[in-house]
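S.K.: Take a look at this one; I'll ask things after.
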Amino acid sequence: MTPKKLLIVILLPLMLVSGCWSRREINALSISQAIAIDREPDGKIMLTFLFAKPEKSQKSGGASSSEKPYALVAEKGETLNEAERNISLGLPRKLFMGQNSLIIYSEQAARSGLGPLVDLFSRHKDFRLTNYVFVTKGRASDIFKFGPNIEDNPVRQMLGAITYAHMRVSKTIPQNLKDFLIKLEEPGIEPVLPEVETVPKLVGEELDQNKTTAEGGGNSRKLKPHLAGMGVFKGDRLVGWLSPAETRSLHFATAKEHIGVEIVPEGL
Amino acid sequence: MALEEGKISGKQLTILYATTVIASAVVFLPGVVAATAKQDAWISSIIAALAASLLVLVVLKLYSRFPDQNVIQYSQTILGKWVGLIVGAGFVWFFIHINAVIIREFGTFLAAILPETPPAVFMSLILLLSAYYVRNGLEVCCRIAEFYFPLFMVQVLLIVILVAKEIRWEFFKPILGNGIGPVVVSTLPPIMWFGEVITMTMILPYLNDKSQANKSLFLGLAIAGITFFLASFFTIGVFGGNFTSNLNFPVFELARIISIAQFLERVDAIVMGFWVAGGVIKITTFNYCAVLGTAQLFNLKEYKPLILPLAVIQVVLAITGWDNVTQLKHFIIYTIAPYSLILFEGGIPIMLLIIAKIRGLGVTK
C-alpha cells in the first residue's frame, strides 16, 4: 500500500468516531422551565425548579392522562450558586436551564436584596436574558400550585399572560432579565418587577369537581394566576408595591404608551 | 527563488484586512470599549477608525518606498543588517504573541459556550486548520477569506437588523456625559485592532496591481470601521453602557436576545459558527506573517517546515499565557494595546519611515 492510500485508510474511520464532545441528549436532561427563589427565615436560599416532562406532555400516550406533564424539585443552599449545584444531588438527569423562561422571587428574597440572587443568571451560559422576572407576595414556590386551565403547564400559562397582557391593559409591565439588569446598573433608573399572585377562581370558572380529590391537589385546582401591579425597588431591594391602578400611573410617569381602559364618570 | 510565488488582487487585500480586524473585534471589543467610554463607546469607534487611518498611511508610505519588500526585509535595508535583524525578530515575535492572544480569545469564547470541552482542543483544531491554509500559500488563504467574508458580513448585518427593535434611545444619553477624556482613553484598544494593518506589510509585496494598494487598504479600514461602529452602537443601544461593560461577549448576547414573533429565536449557534470561521481567517493571517517572517529572518529557501513548530509554539503560548478570561481582558486593555501601539504598530513603522526619508532610501519620485 502506498503511504497516501494508508493515510486514507487511517483517516476514514476517524469520520465515524467523530461526534459532539459537549452533546446532551434530550432524555438525559432535566429541562427547567421556571425557577422560584425563596429566602428562608434562617437566611438560606431555597430554589424550586419546574421541570418539563416532555414524554408526558404528548397526548397520544394516553395511558395516564392524570399525571402532570411537569415536576417540581426544590433544594436549599447558602447561596444561589450552591443551591443550584445542590439540586443535582437528587436529580436523575443533567440540569439544563437553556429553556428556562420565568424567574420568580419571593417578597422576602426581594426585600433582602436581589443582587446576590440574580448574579448567577447573568453569568450562567444556559441562561438567556429574555427570561421574564417576577416578584410575588408570600412564597415563590407556591406560585406553581394552580391548575392550569388552557395550557397544560403553569409556566406556559404565566408566560402567555405576561406576553400578551401588557398589550391590552396597562396594569402590568413585563420585565425580562435584560431590562432588570440594565436598570440595576444604570444610575438614575430604579428597577420595577411585575407582581404575580394566585387568586381563587371565580364562581363560574370551576369545572369537574369530582376529579380533584383523587389527585390530592384539591385546593390547587381552585386557584389561577393573576398579574397584579408591580414591585418597586431601590437598588436591588424591594421597597414597596404598586397596585394595578398605580401601575397605570407608572406608565404615565415613565412616558410609556398607555393602552388600558380609562373610565370616565358619566356627566363629565 | 522567492519564498512566496502567489499574487493577490486588490479586492482580496481589502477582504483579508477587513476580516483580520473585525473577526475578533466584534467578539470582544464593544465590551472592552464600554468599560471606559460607557454610553459613548460608539463615538470612540469613529475616532479610533479616523486615528487608525494614520497607521494605514504609514504602512502605505513605506510600501511606496519599498514595493517589493516586506517589513522584515526593509527594516534591514533601512537600519543595517544587525539592528534590522533585531527589529525583524521583534516583528516576528509580535505576530506570534498577538496570534496567541487571538487564539486564546477564540478558545475562551468557544469554551464559554461548550464548557465540557477543554479549550486546548478548540485552540489546537483552529490552528491546525490555519496551518493547512498557510501551507497552501497566500493565494489559498485569500480565497478562503473571500469565501467567508460575505457570510460574516451578512451575519453581522442580520444581528443588528433583528435587534433593531430593542434599541432604547435614552441609553445614548448623556452624550459625552463624562467629558471627552474617557472616550479618548477608550480608543486605544480599537486603534490597536485597526493597527493590525501591520500584518499587511507582509502581504503587500504580493499585490498584483501596485496602484490598488491605497484604495484597498482604506476600503478595508472603512469596512472594519463601519462594522465595529455597528457592533458598538447596537450593543450600547440595547444593553446600555454600564451593562455592556459587564458582558464578556456583548454581540453574542445581542444574538441571544433576538426574538422575532416567538419564532425566530436562538440563532446564536449559527452566529458562533460564522465567528469561528472569521477567527480562523484572522489567525491564518497572523500565522502566515509569523511563518513567512521567520523564514525571511533566517534566509530560508522554503517556509513549509516552519509551519508546524510555530503552530505548536503559538498554541502553547495561548494556553499558558493567561489563567482566565478576566486576566485576558485586563491584558488586552491595559498591557497589549499600549505595548503594540507604541512599538510595533505605531512607533517602529514611523521610525523606519523617518530614517528612510533621511537616508533617502527606496523609491522616491
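So the protein lines, in turn, are chains E and P. Those letters in the first sequence? Residues 1 to 268, by this note's numbering. Those letters in the second sequence? Residues 1001 to 1365, by this note's numbering. All C-beta atoms in this analysis are idealised placements derived from N, C-alpha and C, irrespective of residue type, glycine included.
#1: When we look at the beta-carbon of T1213/P and count the other beta-carbons within 10 Å, is it buried (16 or more) or exposed?
#2: Just curious, the beta strand (DSSP E) that I104/E is in, first and last residue?
#3: Compute the Euclidean distance between the alpha carbons of N27/E and A34/E, then round it to the nearest angstrom.
#4: What does DSSP give as the partner residues of D38/E in its beta bridges?
#5: Nearest-angstrom Cα distance between F1091/P and Y1206/P?
#6: Check the Cβ-Cβ distances between F1234/P and every residue of chain E, and say whether any is below 7 Å.
#7: Curious, which full-length beta strand (DSSP E) runs of at least 3 residues does the region 1154 to 1204 of chain P contain?
#8: Should E84/E be flagged as near chain P, meaning a C-beta pair shorter than 7 Å?
#9: Near P1338/P, what residues of its chain come up, given a Cβ to Cβ distance below 8 Å and the 5 sequence neighbours on each side ignored?
#10: Please list the terminal residues of the continuous alpha helix (DSSP H) segment that includes R237/E.
#11: Please confirm whether A1290/P and L1308/P have their CB atoms less than 7 Å apart.
#12: Between G1084/P and chain E, is any beta-carbon pair separated by less than 7 Å?
#13: Under 7 Å Cβ-Cβ, which residues of chain P neighbour K125/E?
#14: Can you give me the start and stop residues for the beta strand (DSSP E) that A140/E sits inside?
#15: Just the chain P side, please: which residues come within less than 7 Å of T130/E by C-beta, in chain order?
#16: Helix, strand or coil, according to DSSP, for A1246/P in the structure here?
#17: Counting only beta-carbon separations shorter than 7 Å, does G1240/P have a partner in chain E?
#18: Compare the beta carbon distance of S30/E and R93/E with 7 Å and say whether it is the shorter of the two.
#19: Would you say I182/E and F134/E are within 7 Å of each other, going by their C-beta atoms?
#20: Which residues in chain P have a C-beta closer than 8 Å to the C-beta of E185/E? List them in chain order.
#21: So, helix, strand or coil for V1083/P, using DSSP?
#22: Just to confirm before moving on: does the CB-CB distance between I995/P and E1146/P stay below 7 Å?
#23: Pair every Cβ in the region 103 to 123 of chain E with every Cβ in the region 1230 to 1241 of chain P, then say whether three or more of these pairs are closer than 8 Å.
#24: For I1355/P, I'd like the list of residues in its chain whose CB is within less than 6 Å of its CB, leaving aside the five on either flank, ordered along the chain.
#25: Flag this pair as touching only if the region 1133 to 1148 of chain P and the region 142 to 155 of chain E have three or more C-beta atom pairs under 8 Å; answer yes or no.
#26: Under 7 Å, CB to CB, which of the residues in the region 159 to 190 of chain E have a partner in chain P?
#27: From the DSSP output, read off the bridge partner residues of F51/E.
#28: Does DSSP classify A130/E as helix, strand or coil?
#29: Sorted by chain position, which residues of the same chain lie with C-beta nearer than 8 Å to S101/E's C-beta, five sequence neighbours on each side aside?
#30: Roughly how many angstroms separate the alpha carbons of V196/E and A228/E, rounded to a whole number?
#31: Among A1037/P, P1030/P, G1346/P, which residue has its Cα nearest to the Cα of L1176/P?
#32: I need the DSSP call for P13/E, collapsed to helix, strand or coil.
#33: Name, please, each residue of chain E whose Cβ falls closer than 8 Å to the Cβ of E1253/P.
#34: Would DSSP call L193/E helix, strand or coil?
#35: Span of the beta strand (DSSP E) holding G231/E?
#36: Taking Q1296/P as the reference, give the member of Q1076/P, F1263/P, L1055/P with the closest Cα.
M.R.: The answer reads as follows:
#1: Note on identity: in this sequence residue 1213/P is Ala, with Thr being the wrong assignment. By the 10 Å Cβ count, A1213/P comes out buried.
#2: 102 to 106
#3: 19 Å
#4: M46/E
#5: 19 Å
#6: no
#7: none
#8: no
#9: L1188
#10: That residue, R237/E, is in no alpha helix (DSSP H); its beta strand (DSSP E) goes 237 to 242.
#11: no
#12: no
#13: A1112, I1113, P1115
#14: Taken as a continuous stretch (DSSP letters only), A140/E belongs to no beta strand (DSSP E), as it is neither H nor E.
#15: I1257, S1259
#16: Going by the sequence as given, residue 1246/P is Asn instead of Ala. N1246/P: helix per DSSP, three-state reduction.
#17: yes
#18: yes
#19: no
#20: G1240, N1242, F1243, N1246
#21: helix
#22: Residue 995/P is absent from the model: chain P starts at 1001 and stops at 1365.
#23: no
#24: I1078
#25: no
#26: K178, L181, I182, E185, E186
#27: S32/E, A71/E
#28: Note on identity: in this sequence residue 130/E is Thr, with Ala being the wrong assignment. Residue state, collapsed to three classes: coil.
#29: Q33, A34, T130, N131, Y132, V155, L159
#30: 6 Å
#31: A1037/P
#32: helix
#33: L129
#34: strand
#35: 223 to 234
#36: Q1076/P
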